[in-house]
Amino acid sequence: MGWAEFYRRRDVLFSALAQVARDGTLVFDRVSGAREVFAGVDDLVLALHHRWSLLLQARIDLALSEPGDPADAVTRAWLALAADEPVLRAVLDAHEHDPVLADAIARENRVLALDAGLTHPNQHVQVITEIGHALRASLRPSAAAPLRPGAAEALRSRGA
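This is the structure:
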């Protein structure tokens, strides 16, 4: 992907988030330029999760650069990002159980567990994933509320 495509995809992601902020739900066909740069709803949601992951890792790295408990640092980083990006978090929460996000969420769980110092890289990958899942689940009540019920299904039926 060249820079022109990168910026075009980024602009469509911003348009998608603006549409959700305005309408309360993500409708793929209403996102300007979405069909031109994304294969469908799943591709768009995966790109939004990738954006979350990049922002989260930067926050975690910064938090871990300061003295203190790594689990507290990771927790603060996740909660701060969720507070700063409530629309992005709401879209991801609405799609939490979509199969397209399963691998991405499992990777996020492993990052959380390892960066928080709750496990070691030599642990079995499933154990690391489960520990990260438990940490992420403990953060969710403080995170942004998910989109209204049925939003993910409505998006899938309109844009897939």
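The sequence shown runs -10 to 149 under the working numbering. We put the beta carbon where it would ideally sit given N, CA and C, even for glycine. Remember, predicted model here, so these are calculated numbers, not experimental data.
Short Cβ contact (7 Å threshold) for residue i with residue j
| i | j | result |
| --- | --- | --- |
| ARG78 | ALA71 | yes |
Simplified DSSP state of residue i, which is helix, strand or coil
| i | result |
| --- | --- |
| THR64 | helix |
| GLU85 | coil |
| GLN112 | coil |
| LEU6 | helix |
| ALA28 | coil |
| GLU119 | helix |
| VAL100 | helix |
| ALA126 | helix |
| PRO56 | coil |
Whole-number beta carbon distance between residue j and residue i, since they are thought to touch under 8 Å
| i | j | result |
| --- | --- | --- |
| ASP87 | VAL34 | 7 Å |
| ARG(-3) | VAL20 | That belief does not hold up - the Cβ atoms of ARG(-3) and VAL20 are roughly 13 Å apart, past 8 Å. |
CA nearest to the CA of residue i, picked from the options
| i | options | result |
| --- | --- | --- |
| GLY22 | GLU(-6), ASP73, ASP58 | GLU(-6) |
| LEU115 | ALA95, ALA126, LEU124, GLY13 | Per the sequence shown, the amino acid found at residue 115 is Gln instead of Leu. The shortest C-alpha separation from GLN115 is found at ALA95. |
| LEU45 | GLN112, GLU74, ASP32 | GLU74 |
| ARG40 | HIS113, PHE3, LEU124, ALA126 | PHE3 |
Beta-carbon contacts of residue i that lie in its chain and below 7 Å, excluding the five residues immediately before and after
| i | result |
| --- | --- |
| HIS38 | LEU81, LEU90, ALA93 |
| GLY170 | Given that the chain is displayed from residue -10 to residue 149, the structure contains no residue 170 and the question cannot be resolved. |
| ARG48 | ALA66, ALA69, LEU70 |
| ILE117 | ARG99, ALA102, LEU103, THR108 |
Cutoff 6 Å; reference residue i; Cβ partners in own chain excluding five residues on either side
| i | result |
| --- | --- |
| ALA62 | ALA52, LEU53 |
| GLY121 | ASN98, ARG99, LEU101, ALA102 |
| VAL76 | LEU6, VAL9, ALA10 |
Residue i beta carbon near the ligand COA (any heavy atom closer than 6 Å)
| i | result |
| --- | --- |
| LEU124 | As presented, the structure is devoid of all ligands, the ligand COA included, so that no description of it is given. |
Contacting residues, own chain, Cβ-Cβ under 8 Å from residue i (five flanking each side not counted)
| i | result |
| --- | --- |
| MET(-10) | ARG(-2) |
| LEU124 | ALA60, VAL63, THR64, ASN98, LEU101, ALA102, ALA105, LEU107 |
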